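In our numbering, the protein residues as written are -9 to 275. C-beta atoms are modelled at their ideal positions from N, C-alpha and C, and glycine is treated no differently. Since the model is a prediction, treat every value here as computed from it, not as a measurement.
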Ligand SMILES: NC(=O)c1ccc[n+]([C@@H]2O[C@H](COP(=O)([O-])OP(=O)(O)OC[C@H]3O[C@@H](n4cnc5c(N)ncnc54)[C@H](OP(=O)(O)O)[C@@H]3O)[C@@H](O)[C@H]2O)c1
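Structure representation (structure tokens):
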């Protein structure tokens, strides 16, 4: 049975990947083992390193057959204080890991990227993912790239707004998307272990407008929906000064405005429904 390194193991997707890989010998690459959450106790070995630092990665791929990486800069507002931008993490940290994988003779490298990474220009988030995809394709390793739409947990921010009574919409809320559960993304990573397919564009089972997602959040809380609309052009002008003193926060806001105002609909590969996810989330507090 292939031995697998899961990098990004403390993240939402990384934890789900570990839970989905039931029978493989697993090594987890982490910065802080206490953040393994649901994956705690489910791996055979822990390797502590900061993937931005190549020296700290030495030996991480020793005796590993397959690497799955979901290392990425966070999309959560409350985790933004980290000074690392998307280029340092999504691109450079994964590139450092790829170099280690090549050196160690890893058989396959699976990367969790983002839907439309190669198409969307002018956004650090998308461009950093696309640039790493290119590094991977050029690496000579057998590879798979998984490109999900938004993952359900990012709507926790919407639920928090709904709890406070009003959900913000960038634009008019009509842009469509089919977000996907992290466990469905993990299942697809597992399917990719032995498949020859290299690119997986993956979305969830249902397409919603952004406004409909907001309505589902209110519904899960048993509250009447209320929205406030921010025109996208105005928001873009408003965040511009952020660039001068917090590039990371600027890139995150820029990403949020973009994905909330364009259609982001991928082939329907997920099974788990957003409504069930939100109901479970609100029921558990
Ligand atoms: N969330 C979404 O809606 C979404 C949608 C489409 C695509 N994606 C992509 O899917 C991938 C996984 O996303 P996710 O939602 O699971 O993100 P996440 O919960 O923020 O997890 C990111 C993981 O990367 C790790 N990491 C960050 N910097 C690191 C470093 N310097 N060295 C080692 N590990 C580092 C984090 O570790 P720490 O715990 O130590 O920070 C964490 O384990 C990312 O490429 C993301 O861009 C996400």
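Subject >> Span separating the alpha-carbon of residue 178 from that of residue 116 >> reply: 21 Å
Original post:
So, is residue 203 buried or exposed, given that buried needs 16 or more other C-beta atoms within 10 angstroms?
Top reply: buried
Original post:
When DSSP labels each residue in this structure, what does residue 36 get in the three-state scheme?
Top reply: strand
Original post:
So the beta strand (DSSP E) residue 188 belongs to, where does it begin and stop?
Top reply: Element bounds for residue 188: n/a, residue is neither H nor E.
Original post:
Taking the alpha-carbon positions, what's the residue 256 to residue 248 distance?
Top reply: 16 Å
**OP:** Since I believe residue 216 is in contact with residue 260 (beta carbons under 8 Å), could you give me their beta-carbon distance rounded to a whole number of angstroms?
**Re:** 29 Å between Cβ atoms; not a contact.
Original post:
When the Cα of residue 119 is compared with those of 75, 147, 150, 51, which residue comes out closest?
Top reply: 75
Subject >> contact_flag[the stretch 173 to 187, the stretch 237 to 251] where n(CB pairs < 8 Å) is 3 or more >> reply: no
Subject >> Span separating the alpha-carbon of residue 130 from that of residue 124 >> reply: 11 Å
**OP:** Ignoring anything shorter than 3 residues or poking outside the stretch 216 to 240, list the beta strand (DSSP E) runs there in chain order.
**Re:** 217 to 220
Original post:
Is the Cβ-Cβ distance between residue 56 and residue 100 less than 8 Å?
Top reply: yes
Original post:
Where do the ends of the alpha helix (DSSP H) carrying residue 3 lie?
Top reply: 2 to 10
**OP:** Return helix, strand or coil for residue 166, following the three-state DSSP convention.
**Re:** strand
**OP:** Give me the Cα-Cα distance between residue 106 and residue 274, rounded to the nearest whole angstrom.
**Re:** 33 Å
Original post:
Hey, would you say the C-beta of residue 50 is under 7 Å away from at least one heavy atom of ligand 1?
Top reply: no
Subject >> Start-to-end residues for the beta strand (DSSP E) that takes in residue 98 >> reply: 98 to 102
Original post:
How is residue 55 classed by DSSP in three states: helix, strand or coil?
Top reply: coil
Original post:
When DSSP labels each residue in this structure, what does residue 71 get in the three-state scheme?
Top reply: Below a pLDDT of 50, predicted positions are generally treated as unreliable, and residue 71, at 47, falls in that range; no measurement from the model is reported.
**OP:** Can you grab the Cα-Cα spacing for the pair residue 22 / residue 46, in whole Å?
**Re:** 14 Å
**OP:** Could you check the C-alpha separation between residue 48 and residue 2 for me, to the nearest Å?
**Re:** 25 Å
**OP:** Work out the CA separation of residue 213 and residue 82 for me, nearest whole Å.
**Re:** 43 Å
**OP:** Could you round the C-beta distance between residue 173 and residue 84 to whole angstroms and report it? I think they count as a contact, below 8 Å.
**Re:** Rounded, the Cβ-Cβ distance is 22 Å, inconsistent with contact.
Original post:
Taking just the CA atoms, how far does residue 240 sit from residue 200?
Top reply: 21 Å
Original post:
Buried or exposed: which applies to residue 314, given that a residue is buried once 16 or more other Cβ atoms fall within 10 Å of its Cβ?
Top reply: An answer regarding residue 314 cannot be provided, because it is not within the stretch -9 to 275 covered by the chain.
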